[in-house]
Structure formats: C-alpha cells, structure tokens
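K.L.:
I'd like to ask some things about the structure below.
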Amino acid sequence: MSAIRPNQAELQKLAADGRTKTGPVVMLNLLKFKERADTGDGSGRESYNRYGREVKPMVEKLGGRIVWQGRADQMLIGEEDWDVVALVEYPSREAFIKMATSPEMANIHHHREGGLERTVLIACTEVTPAGEA
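Quick note: the sequence shown uses the working numbering, first residue 52, plus one each step.
Here you go:
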C-alpha cells in the first residue's frame, strides 16, 4: 500500500531537482477510494471530492491547473486497479512543494487521507521533441 502523504525525503529530493524553479511539472495522480471515509462522513470518494473542491483554488493561486481528470475504466496492463486518474500542472516543482507544505494544505489534507485507500503521485516533465521518450 502506498503512502497518502508525500514523505519528507521525497519532497527534499524533488526540491533538489535542478528544474525546481524553472519549467512546469505535471503531477500524475492515481487514486483508489475507500468504500467509507475514515472521517465517518460519507464515502471515500465524497471525502476526496471535498478535498478537491478546497485544493483547486490553492493550485490556481500558484499558477497551476487541473489538466485532465477522469474515471479509470479498465486495467489493460498492471495489477492494481484505480478509480480516478488526474493530471495537475504546476508552474514549477517549487510551486508544488510550497502548496504541499502550506498550512492551508495541512488544514484540508484529512479529507484526502480519509478518502483514499491508496494513491500514486508521480512528478512528470514533458519530453521534447514530441514523440521521444
């Protein structure tokens, strides 16, 4: 099972990345909801949706945006199933770290943590020219 919060070592590694202050980063989110939220106030999906409504303005205030979000319909390759996939772009890794470590995030994170059974969060950088991996 994955962690729900980024750990300090991973945030430090992200901060040490040479691209921290320049260039956008897209965070790939794979989300699996709990049937019932730990907070006792509805389903895991409902709890996560409360988090989403509160985090979206924080992302936008830092110059970020939700690029795409959708239901994971069918696993074709892999062993873990996911409920939702989301791509969230930040103007820099520094902006993501600022948000992730902010007091505002600390105040709303319980909705995310209470609603998720497991998650994967991957920092991604565009590869250019298009088509090269």
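Every residue, glycine too, gets a C-beta built ideally from N, C-alpha and C.
By the 10 Å Cβ neighbour count, where 16 or more other Cβ atoms means buried, how is residue 122 classified, buried or exposed?
P.N.:
Its Cβ having fewer than 16 others within 10 Å, residue 122 is exposed.
K.L.:
With DSSP run on the structure shown, which of helix, strand or coil describes residue 87?
P.N.:
The answer is coil: DSSP assigns residue 87 none of H, G, I, E or B.
K.L.:
My guess is that residue 144 and residue 76 are in contact by the Cβ rule of under 8 Å, so how many angstroms apart are they, rounded?
P.N.:
So it is a contact: roughly 5 Å between Cβ atoms.
K.L.:
Determine the burial state of residue 52: buried for a count of at least 16 other Cβ atoms within 10 Å of its Cβ, exposed for fewer.
P.N.:
Caution applies to residue 52, whose pLDDT of 38 falls short of 50 and renders its modelled position unreliable; the value that the coordinates give is listed next. Burial call: exposed.
K.L.:
Pull up the CB-CB distance for residue 138 and residue 82, whole angstroms please, since I reckon it's below 8 Å.
P.N.:
With a Cβ gap of about 12 Å, residue 138 and residue 82 do not count as contacting.
K.L.:
Start and end of the alpha helix (DSSP H) containing residue 110?
P.N.:
It spans 95-112 - the alpha helix (DSSP H) in which residue 110 sits, taken as one unbroken run.
K.L.:
Cβ of residue 162 within 8 Å of Cβ of residue 87?
P.N.:
Their beta carbons are not under 8 Å apart, which means residue 162 does not touch residue 87 by this criterion.
K.L.:
What's the call for residue 179, buried or exposed, on a 16-neighbour Cβ count within 10 Å?
P.N.:
With fewer than 16 Cβ atoms within 10 Å of its Cβ, residue 179 is classed as exposed.
K.L.:
Excluding sequence positions up to five away, which residues of its chain have a Cβ less than 6 Å from the Cβ of residue 173?
P.N.:
Same-chain partners within the cutoff: 79.
K.L.:
Just to confirm before moving on: does the CB-CB distance between residue 93 and residue 84 stay below 8 Å?
P.N.:
Cβ distance not < 8 Å, so residue 93 and residue 84 don't count as in contact.
K.L.:
Would you check if the distance between the CB atom of residue 159 and the CB atom of residue 97 is smaller than 8 Å?
P.N.:
Cβ distance not < 8 Å, so residue 159 and residue 97 don't count as in contact.
K.L.:
In this structure, how does DSSP classify residue 74 when only helix, strand and coil are distinguished?
P.N.:
Note: residue 74 maps to coil in three-state DSSP.
K.L.:
Just to confirm the assignment, what range does the beta strand (DSSP E) spanning residue 120 have?
P.N.:
Element bounds for residue 120: 116-122.
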